[in-house]
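K.L.:
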Ligand code: SAH
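Numbering (my numbering), first residue to last: 1 to 389.
1) Excluding the 5 residues flanking residue 143 on each side, which residues of the same chain have their C-beta closer than 8 Å to its C-beta?
2) Is residue 284 a contact residue of the ligand SAH, with contact defined as CB to any heavy atom under 7 Å?
3) Considering only heavy atoms of the ligand SAH, does any lie closer than 7 Å to the CB of residue 221?
4) Is residue 211 closer than 8 Å to residue 166 when the C-beta atoms are compared?
5) Hey, is residue 150 close to the ligand SAH, as in C-beta under 7 Å from one of its heavy atoms?
6) Which residue from 306, 42, 356 and 91 puts its Cα closest to that of residue 73?
7) Quick one: what does DSSP say residue 269 is sitting in, helix, strand or coil?
8) Pull up the distance between the alpha-carbon of residue 205 and that of residue 336, whole angstroms please.
9) Cα separation between residue 27 and residue 277?
10) Is residue 179 near residue 138, with beta carbons less than 8 Å apart?
11) On the DSSP bridge list, what partners appear for residue 79?
12) Does residue 123 pass the burial test, meaning 16 or more other C-beta atoms within 10 Å, or should it be called exposed?
13) Give the secondary structure of residue 73 by DSSP, where H, G and I count as helix, E and B as strand, and everything else as coil.
14) By the DSSP assignment, the beta strand (DSSP E) with residue 135 in it spans what residues?
15) Is any heavy atom in the ligand SAH found nearer than 7 Å to the beta carbon of residue 226?
16) Tell me which residue opens and which closes the beta strand (DSSP E) that residue 246 is part of.
17) Within 10 Å of its beta-carbon, does residue 326 have 16 or more other beta-carbons around it, so buried, or fewer, so exposed?
18) Given a cut-off of 8 Å, decide if residue 94 and residue 48 are closer than it, judged by their beta-carbon atoms.
19) With the cut-off set at 8 Å, would you say residue 352 and residue 358 are in Cβ contact?
20) What is the DSSP secondary structure of residue 142, reduced to helix, strand or coil?
21) Return the CA-CA distance between residue 312 and residue 349, expressed in angstroms with no decimal places.
22) Can you look up residue 159 in the DSSP assignment and give me helix, strand or coil?
23) Identify every residue that forms a DSSP beta bridge with residue 290.
24) Rounded to whole angstroms, what's the CA-CA distance from residue 259 to residue 147? Just pull it up for me.
25) Is the Cβ-Cβ distance between residue 363 and residue 213 less than 8 Å?
26) Here's a check: name, in chain order, each residue in its chain whose Cβ is nearer than 6 Å to the Cβ of residue 112, leaving out the five neighbours to either side.
27) Touch check for the stretch 245–259 and the stretch 286–296: three-plus C-beta pairs under 8 Å?
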């Protein structure tokens, strides 16, 4: 049932010959209470449970197969599906760098004010602890885009996730963390394994379900694309959609094609035209991510080129110093180079932030999701635990 819309539930209820109010009960059991088996849905009569069981209709939650806990509090979940495939989902308590889920400091204050006015926070809960937690979810098993600095690329793409499998990751993590939006403010980033815009229909269906059924605000969700240009135009037309982030990662076509082979198909000119045409809502920006690779794309000249590319766009830049991994032939630039790059962009008037790496010690940081069943060395930093029985 994970992945079903209200209309799907209504059909089911009709087929079962049950009254209409069961539709809402089913949807709430799956997306709000996050119950994992039909038998446990206490609002339903036994005859409906039996009917669902006979029809082999299950909730279909992913199994938490492993949990790795970082010294910084980040948790990497290995989520298993019925066909034996798995993906990773990352929980970042207190946000992903002091931001509104998309790397921006700007915007967060406005959210803060709005939500305080609503007064949704239950008494006694420290605001800081749940104010900015972020869940990073996967959209495909592996990835086909083949970015040269990313570990997920080494897996190739095994298959798309269904909308239910995408939403299911969120439900499983919320349940495991015992938090509930909208009372607990959760940011969502579609930035895990896979290219969401190469699994567009399932991704957008999942986003809609997360807004309409799971209660996560649109403005708290960000999707990142490597630059699948036709889908950016399609995404622009959606009535319900997350915010947009684009992985830029290079300052000119030669360099970008070397680092991200998809640039052969969708070049910077087309990509930036799509960004310029993108209809932004009030207080909305496009985020550009830029992975800094030592000596490759991190010079002051590169920064100046980026500033020219982004001229005239309502955007901000998130810099990510490379998270290293086995089989990745690039180095992490030192802090000075990162700060210089940031300063060059800022001087050009572009709000630029450096993203603090989260969970590097357990291979949970950007570009490190590869379903590794061990953590990164050095070993003492890690703490791998079995799933809750
Ligand atoms: N496929 C989408 C979603 C993945 S988001 C996309 O490419 O945007 C993951 C982000 O992490 C992207 O911005 C990507 O450029 C970045 N990334 C990939 N490998 C990385 C690495 N080794 N270190 C730091 N960031 C990396």
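Cβ coordinates follow ideal geometry from the N, Cα and C atoms, glycine included.
P.N.:
Quick look at the numbers:
1) Stepping through the chain shown from its first residue, residue 143 is reached at position 143. Contacts found: 150, 152, 153, 155, 156, 157, 193, 194 and 195.
2) Counted from its first residue, the chain shown places residue 284 at position 284. Outside the cutoff, so no.
3) In the chain shown, the residue the question calls residue 221 occupies position 221. The ligand SAH has no heavy atom closer than 7 Å to the beta-carbon of residue 221.
4) Within the chain shown, the letter at position 166 stands for residue 166. Within the chain shown, the letter at position 211 stands for residue 211. Taking 8 Å as the Cβ cut-off, residue 166 and residue 211 do not qualify as a contacting pair.
5) Within the chain shown, residue 150 is the residue found at index 150, counting from 1. The ligand SAH has a heavy atom closer than 7 Å to the beta-carbon of residue 150.
6) For the purposes of this step, residue 73 is identified with residue 73 of the chain shown, where counting begins at 1. Residue 73 has its Cα closest to that of 91, out of 306, 42, 356 and 91.
7) As a first step, residue 269 must be located in the chain shown, where it is residue number 269. Three-state result, residue 269: helix.
8) One-based indexing of the chain shown puts residue 205 at position 205. One-based indexing of the chain shown puts residue 336 at position 336. Approximately 42 Å, taken between the alpha carbons.
9) In the chain shown, residue 27 corresponds to position 27, counting from 1. In the chain shown, residue 277 corresponds to position 277, counting from 1. Straight-line Cα distance between these residues: approximately 36 Å.
10) As a working note, residue 179 is residue 179 in the chain shown. As a working note, residue 138 is residue 138 in the chain shown. No, the Cβ-Cβ distance between residue 179 and residue 138 is not below 8 Å.
11) By one-based count along the chain shown, residue 79 stands at place 79. DSSP lists 64 and 87 as partners of residue 79.
12) Along the chain shown, read from residue 1 onward, the residue named residue 123 stands at position 123. Unreliable positioning characterises residue 123 in this predicted model, as indicated by a pLDDT of 38, which lies under 50. The coordinate reading is nonetheless provided below. Exposed, by the Cβ-count rule.
13) The sequence position of residue 73 within the chain shown is 73, counting from 1. Residue 73 falls in the coil class under three-state DSSP.
14) Along the chain shown, one-based indexing puts residue 135 at 135. Where residue 135 is concerned, the enclosing beta strand (DSSP E) stretches over 133–136.
15) Residue mapping note: residue 226 aligns to position 226 of the chain shown, counting from 1. Yes, Cβ of residue 226 sits closer than 7 Å to a heavy atom of the ligand SAH.
16) On the chain shown, position 246 is the one that residue 246 refers to. 243–247 is the span of the beta strand (DSSP E), which, as asked, contains residue 246.
17) Start at 1 with the first residue of the chain shown, and residue 326 comes out as number 326. Within 10 angstroms of the beta-carbon of residue 326 lie fewer than 16 other beta-carbons, which makes it exposed.
18) Taking the first residue of the chain shown as 1, we reach residue 48 at position 48. Taking the first residue of the chain shown as 1, we reach residue 94 at position 94. Result no, Cβ atoms of residue 48 and residue 94 do not sit closer than 8 Å.
19) On the chain shown, residue 352 is found 352 positions in, with the first residue counted as 1. On the chain shown, residue 358 is found 358 positions in, with the first residue counted as 1. Contact: no.
20) Here the question's residue 142 lines up with position 142 in the chain shown. Residue 142 falls in the strand class under three-state DSSP.
21) Taking the chain shown and counting its residues from 1, the one referred to as residue 312 is at position 312. Taking the chain shown and counting its residues from 1, the one referred to as residue 349 is at position 349. Answer to the nearest angstrom: the Cα atoms are 10 Å apart.
22) The count along the chain shown starts at 1 and reaches residue 159 at position 159. Strand, per DSSP.
23) Start at 1 with the first residue of the chain shown, and residue 290 comes out as number 290. Note: residue 290 sits in a beta bridge opposite 319.
24) What you label residue 259 is simply residue 259 of the chain shown in a count that begins at 1. What you label residue 147 is simply residue 147 of the chain shown in a count that begins at 1. Rounded to whole angstroms, residue 259 to residue 147 spans 6 Å at the Cα level.
25) Walking along the chain shown from the start, residue 363 turns up at place 363. Walking along the chain shown from the start, residue 213 turns up at place 213. No, the Cβ-Cβ distance between residue 363 and residue 213 is not below 8 Å.
26) As a working note, residue 112 is residue 112 in the chain shown. With a pLDDT of only 38 at residue 112, under the threshold of 50, the placement of this residue in the model should not be trusted; the figure read from the coordinates follows. There are no such residues.
27) yes
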